[in-house]
Every structure is written in C-alpha cells, then in structure tokens.
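**Student:**
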Amino acid sequence: MPKYPTRPQDWKEFQIESSSDELLIGNWQVMQEWERPLMRALATNVAGAGKAILEVGFGMGICAEEIWRIGCSHYTVIEAHPVIAEQARNWLSSTNRSGVVIEGFWEEVIECLPHFSFDGIVFDTYPLNESERGCNHFSFIPKAKYFLTQNGSLTYYSDETKKFRTEHLQLLLANYEYVRLNCVSGLAPPETCEYWNNDHMIIPTVSKPMFNDEKG
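Residue numbers for the sequence shown follow our numbering, beginning at 40 and rising by one.
1. Can you tell me which residues form a DSSP beta bridge with F162?
2. Considering only their Cβ atoms, is the gap separating L210 from I242 smaller than 8 Å?
3. Flag this pair as yes or no: are the beta carbons of S156 and T188 separated by less than 8 Å?
4. For C222, which residues does DSSP report across the bridge?
5. Please go through the same chain and pick out, in chain order, the residues whose beta-carbon is closer than 6 Å to the beta-carbon of R219, but skip the five residues on each side of it.
6. Under three-state DSSP, which class holds P248?
7. Among all the DSSP beta bridges, which residues are the ones paired with Q71?
8. Check whether the segment 93-109 touches the segment 162-180, taking contact to mean three or more Cβ pairs, one atom from each stretch, closer than 8 Å.
9. For the 8 Å Cβ check, are there 3 or more pairs between the segment 128-135 and the segment 164-176?
10. Nearest-angstrom Cα distance between P248 and G98?
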C-alpha cells in the first residue's frame, strides 16, 4: 500500500484515477463499485422527500445518486479533493439539482455551516493517517449533532462487523438517545480490495442528540 500523506494538505495534490469500478486517489483505493449496497443503505437511512441532506465525502457519487433517487429537497456535500469536488459540481449542474459543493476538509469548513439545518447527514471520508484507519468517523460523531434538525439523523460507513466495538457504541450512546444498527449483508469486495474483506457491514443510524456537554 502507498504511504499516507505527510500532511493532510498533500491529499489535495494526489492524482485521481477513476473508472466505473473504482476510485483511486494517490494509488489509495478510496471507493469501489461493490460498495453500492452500502451506499444505498446509507441513503435510505436519511433521505426522503423534502429533506435537506449533507454528505461528507462525494467519492464516486454513488450515495449522492441514491439520495436523489429516494428523495431530497436540497443536497450539500463537503469534499476535500479539488478534482472530486469539481466532479460533484458537474454532477449537480448536469442534473439541474438543488445543491452546493463545499470544497475542503470537513474539519476546516464545518463551522461555516448553519446549525440545526440538515434532516440527514451521511459521513464517508477516507482516513488520512494510520491512526484514523477504521475510526476516522469517531471525531465527527459528536460534531454532527449540532447540524441536525430536531428529527434529523446521522448515518455513516462504519468499518464495523457484527463484533461491533464497545468504544464505538459507547461514543454513540454518549451523544444520541436513539441508536439503530442494521446489517448490510451479501457484500462482495474483490480479493484485491485493500480496505474491506467481509461479506457484511453494520451501519449505524443515530438521532435525538444529547447536549449535556460543552460544544467542542
């Protein structure tokens, strides 16, 4: 596997290679077509007619397409890589859909978004260092609640199997009253896939945020 970027900013300079089956950024396998059932599950968990949706990480646009297929009144996406961000803009323009692309890492731009404004949030970004592998969503989980409407929900690519990690579940329960875990089965990643080798993944959906702590 290639080395992680020395700085997160280096990520934006990596070359893109894409096909109908795979997205590579700097030779990293960022997304593959086998993930479509996962993206469909994520979209189903939050999308619906009249809903404003935030997606963090555009990837191959699979989840975005599913969100609009199910229903969405307005779509916002945060995307760090400039080439992928431009692809997201082109996708929105070509389909004449109501949406906006915010270019940058979510940590840089999240506070620029209006609070309590999204009915659904989908989080699926790529880890930028070894310490983030399998847990790059952890830091976003407590942040997301400040941008969900009263009945809004957060869902995300979890890197979890049926052996769901205790510390992960504890993090969810510390920040949200409602936690649902559903199993997406029948996954078929190819043998060459470097980031997942299981036939299922557990996808969390959380809502009803708890605000018993200081905003971080």
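Every residue, glycine too, gets a C-beta built ideally from N, C-alpha and C.
**Tutor:** Result, derived from the coordinates:
1. Beta-bridge partners assigned by DSSP to F162: V95 and Y195.
2. no
3. Against a cut-off of 8 Å, the Cβ pair of T188 and S156 comes out as a contact.
4. I241
5. Taken in chain order, the residues that qualify are T244.
6. strand
7. E61
8. Yes, the segment 93-109 touches the segment 162-180.
9. no
10. 27 Å
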